[in-house]
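Step one of this worksheet: look at the structure below.
Protein chains: 2
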Amino acid sequence: MDEVIFEFLSKYIELTEEEKKILSELKFIKSFKKGSLLLREGEMSKECFFILEGCAYSYYLVDGEVKVTEFFTEKQPITPVSYTTKKPSEYYLECLEDCIVSIGSQERTAELMTKMPRLAELGPAFLEDELASQRMKYDTFIKLSPEQRYQNLQKQSPELLDRIPQYLIASYLGIKPESLSRIRKRILK
Amino acid sequence: MDEVIFEFLSKYIELTEEEKKILSELKFIKSFKKGSLLLREGEMSKECFFILEGCAYSYYLVDGEVKVTEFFTEKQPITPVSYTTKKPSEYYLECLEDCIVSIGSQERTAELMTKMPRLAELGPAFLEDELASQRMKYDTFIKLSPEQRYQNLQKQSPELLDRIPQYLIASYLGIKPESLSRIRKRILK
DNA sequence: GTCATTTCTTAACCCAAATCAATGAAAATC
DNA sequence: GATTTTCATTGATTTGGGTTAAGAAATGAC
Numbered sequence: 001m002d003e004v005i006f007e008f009l010s011k012y013i014e015l016t017e018e019e020k021k022i023l024s025e026l027k028f029i030k031s032f033k034k035g036s037l038l039l040r041e042g043e044m045s046k047e048c049f050f051i052l053e054g055c056a057y058s059y060y061l062v063d064g065e066v067k068v069t070e071f072f073t074e075k076q077p078i079t080p081v082s083y084t085t086k087k088p089s090e091y092y093l094e095c096l097e098d099c100i101v102s103i104g105s106q107e108r109t110a111e112l113m114t115k116m117p118r119l120a121e122l123g124p125a126f127l128e129d130e131l132a133s134q135r136m137k138y139d140t141f142i143k144l145s146p147e148q149r150y151q152n153l154q155k156q157s158p159e160l161l162d163r164i165p166q167y168l169i170a171s172y173l174g175i176k177p178e179s180l181s182r183i184r185k186r187i188l189k
Numbered sequence: 001m002d003e004v005i006f007e008f009l010s011k012y013i014e015l016t017e018e019e020k021k022i023l024s025e026l027k028f029i030k031s032f033k034k035g036s037l038l039l040r041e042g043e044m045s046k047e048c049f050f051i052l053e054g055c056a057y058s059y060y061l062v063d064g065e066v067k068v069t070e071f072f073t074e075k076q077p078i079t080p081v082s083y084t085t086k087k088p089s090e091y092y093l094e095c096l097e098d099c100i101v102s103i104g105s106q107e108r109t110a111e112l113m114t115k116m117p118r119l120a121e122l123g124p125a126f127l128e129d130e131l132a133s134q135r136m137k138y139d140t141f142i143k144l145s146p147e148q149r150y151q152n153l154q155k156q157s158p159e160l161l162d163r164i165p166q167y168l169i170a171s172y173l174g175i176k177p178e179s180l181s182r183i184r185k186r187i188l189k
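These protein sequence lines are chains A and B, in that order.
Per UniProt numbering: the first sequence ends with 189, consecutive numbering throughout.
Per UniProt numbering: the second sequence ends with 189, consecutive numbering throughout.
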């Protein structure tokens, strides 16, 4: 289980056995049932998450309509905007499946930093990665038509298509479920 | 002229007179004519920019068609993705007006850091701000219809509408100039 | 100033996605 | 295992943006 965390961190720094031990001891893990809300609109986010198992998604509710902005699966960190800005969240974070999640907080991160100072090094690199992928996401959305976006998703993350209900995929692509259904039909020919 | 830079930096740290002097000495300023390209697709970006005067924009060329992703005006920093990733740029950066620009490079930044170590503090905060605004940009785009996006732009940055040709605004909003023209007419009633 | 180019608007027609409605299939609940 | 509820598909219709083409208005060049 801890391996999932180590694997993620190894993208940024090589962990010593000592450090792995510290992480194992200090980590805080929780399970959530499918449909649980990790964060509500209007709520202040005091926690950030790291998915060990399962799948979650973020969405806005714009006059009653769900607008999905992201899916998160194993090995993915979730840092809500509200967590960094310290303002109420404008979107929801919900478990799409039963989830096992490692939960971070300001305090726990601070404690971890003192016991393992090297962890601070990874901050800017992580932020840069997040920024780059966020920009890419926007740019791809701008550049492609709904149909191309679907094909792009199919190519980039085929797992998601098997795992996530189609009406949520549709929302993520910025279209209605009926339209996605037709796009799929169109492509099959 | 330097004031513009100081004002920007004061969002993150208070500058001493000493530090202002260092900045004034080390800065590197250049002028560009309207239409100059600060960065080309396929090119490696070795520079980041800070607009002192004028206006620039970034755009993709997707089979011959311009897709605007951002406008930059006075007091705005431009950090091309290519500058951080060290991969060839996928988009263009062009001056929309005659521009006066402060230009940063890896080397000059390093030199500045040694003479003014406190500058490093601002790094993560700046990255966080960029990330937050990039996310907001995406989310706003997702949530709103073209018409709402125009009204949102009108409310958030009315200056841009007076300053930037409509066909580029249209591209930025993800629609064609003709459609923007129609939307404007629709709204006037 | 005149001429040329760029930018903006308008109109007619086209098309993809939205909407509305109905039906089936699949899952969740009991 | 029967019953709700949720999800996916399909059809008919509407709507808003795309396309094409023309002319008007603004801007720039000489």
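Quick reminder that beta carbons are idealized off the backbone N, C-alpha and C, glycines included.
Note that the structure is a prediction, hence the values are computed from the model and not measured.
The beta-carbon of B/L153 is placed no less than 7 Å from the nearest beta-carbon of chain A. According to the DSSP secondary-structure assignment, A/P77 is paired through a beta bridge with A/F50.
Any Cβ of chain B closer than 7 Å to the Cβ of A/E121 would place that residue at the interface, and such an atom is absent. Taking each of B/S36, B/I13 and B/G42 in turn and checking the Cα distance to B/V101, the smallest one comes out for B/S36. By the C-beta density criterion, B/G64 is exposed, having fewer than 16 other C-beta atoms within 10 angstroms. Following the DSSP letters along the chain, one finds A/S58 inside the beta strand (DSSP E) bounded by residues C55 to V62.
Looking at A/E7, A/R108, A/V62 and A/E19, the one whose alpha-carbon comes closest to that of A/I29 is A/R108. The C-alpha of B/E41 lies about 42 Å from the C-alpha of A/L112.
Using a Cβ distance threshold of 7 Å, B/C55 and B/E97 count as a contacting pair. Among the CB atoms of chain B, none fall inside 7 Å of the CB of A/P117. Against chain A, a Cβ distance below 7 Å from B/L61 picks out nothing, because the smallest value is about 10 Å.
Annotation: Cβ neighbours of A/A132 in chain B (cutoff 9 Å, chain order): V81, T84 and T85. Under the 10 Å beta carbon count, B/E18 is surrounded by fewer than 16 other beta carbons and is classified as exposed.
The secondary-structure analysis by DSSP pairs A/Y92 across a beta bridge with A/Y59. In terms of CA proximity to B/P124, B/Y12 leads the group B/Y12, B/E3 and B/I5. The criterion of a C-beta distance shorter than 7 Å is not satisfied by A/E74 and A/I103. Of all residues in the region 137-152 of chain A, those with a C-beta nearer than 9 Å to a C-beta of chain B are K137, Y138, D139, F141, I142, K143 and L144, reading in chain order. Under the DSSP assignment, B/S133 falls in the alpha helix (DSSP H) whose first and last residues are L122 to K143. At a cut-off of 7 Å, the C-beta of A/E94 has no neighbouring C-beta in chain B. When Cβ-Cβ separations below 7 Å define contact, A/E128 makes contact with chain B. For the C-beta of A/T69, the chain B residues within less than 8 Å are, from N- to C-terminus, Y138, D139 and I142.
In the three-state DSSP reduction, B/L38 falls in the strand class (E or B).
If you ignore the 5 residues before and after A/Q166, its C-beta comes within less than 8 Å of the C-beta of P177, L180 and S181, all in its own chain and listed in chain order.
Spatial neighbours of A/Y92 in its own chain (CB-CB distance under 8 Å, excluding positions within 5 residues in sequence) are listed in chain order as L37, L39, R40, E41, S58, Y59, Y60 and L61. Taking every protein chain shown into account, the CB of A/I78 has 16 or more other CB atoms within 10 angstroms, so this residue is buried. Judged by DSSP secondary structure, B/K155 falls within the alpha helix (DSSP H) whose first and last residues are P146 to Q156. Scanning B/L119, B/T85, B/L144 and B/M116 for the CA closest to the CA of A/F126 turns up B/T85. At a Cβ-Cβ threshold of 7 Å, A/S171 and A/V68 count as neighbours. Within the same chain, L112 and M113 come within 7 Å of A/L119 by CB-CB distance, once the 5 residues on both sides are set aside.
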